[in-house]
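**Student:**
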Amino acid sequence: MFTGHFGPAFAAKAGRPELSLGGQFVAAQLPDVVFSILVATGTSRVRVHANGTGPGAVEMVSVPFSHAALPTSRLRDMPR
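Residue numbers for the sequence shown, in my numbering: 31 to 110.
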């Protein structure tokens, strides 16, 4: 998660120093917030394995929107 979410936030901060690093961290977490809402509404699906531990216990079965490349890349076009 650190590399996939916070890495791009650090890269964006390096490329555009005028941006707030805190704001970049919040933006980097938006896919996870959206994912939680989509799981709660049944749009995305997860499977919890009883014998698993840690992050390996949760299998992301269907994640069509929140972590897909196109919707995530469109977040950068949101008004600031």
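Beta carbons: idealized from backbone N, C-alpha and C, even for Gly.
This structure is a prediction, so every number in the text was calculated from the model and none was measured.
1) Going by C-alpha distance, which of 40, 71, 47 and 73 is nearest residue 57?
2) Could you tell me the distance, in whole angstroms, from the CA atom of residue 46 to the CA atom of residue 80?
3) Less than 8 Å between C-beta atoms, sequence neighbours within five positions excluded: which residues of the same chain meet that for residue 86?
4) Applying the criterion that 16 or more other CB atoms from any shown protein chain within 10 Å of the CB defines a buried residue, is residue 50 buried or exposed?
5) Alpha carbon to alpha carbon, how far is residue 93 from residue 65?
6) Flag this pair as yes or no: are the beta carbons of residue 59 and residue 35 separated by less than 8 Å?
7) Figure out for me which residue from 89, 83, 96 and 82 has the closest Cα to the Cα of residue 73.
8) Is it true that the CB of residue 89 sits closer than 8 Å to the CB of residue 69?
**Tutor:** A quick look at the data gives this:
1) Numbered from 1 along the sequence shown, position 27 holds the residue referred to as residue 57. Ranking 40, 71, 47 and 73 by Cα distance to residue 57 puts 40 first.
2) Within the sequence shown, numbered from 1, the residue matching residue 46 stands at position 16. Within the sequence shown, numbered from 1, the residue matching residue 80 stands at position 50. Looking at the two C-alpha atoms, the distance is approximately 44 Å.
3) Taking the sequence shown and counting its residues from 1, one reaches residue 86 at position 56. Around residue 86: 79.
4) In the sequence shown, residue 50 corresponds to position 20, counting from 1. So residue 50 counts as exposed.
5) Counting from one through the sequence shown, the residue named residue 93 turns up at place 63. Counting from one through the sequence shown, the residue named residue 65 turns up at place 35. Their backbone Cα atoms lie some 8 Å apart in a straight line.
6) Counting from 1 along the sequence shown, the entry for residue 59 is found at position 29. Counting from 1 along the sequence shown, the entry for residue 35 is found at position 5. Cβ distance < 8 Å, so residue 59 and residue 35 count as in contact.
7) Indexing the sequence shown from 1 puts residue 73 at position 43. The shortest Cα separation from residue 73 among 89, 83, 96 and 82 belongs to 96.
8) Start at 1 with the first residue of the sequence shown, and residue 69 comes out as number 39. Start at 1 with the first residue of the sequence shown, and residue 89 comes out as number 59. In this structure, residue 89 does not lie closer than 8 Å to residue 69 by Cβ.
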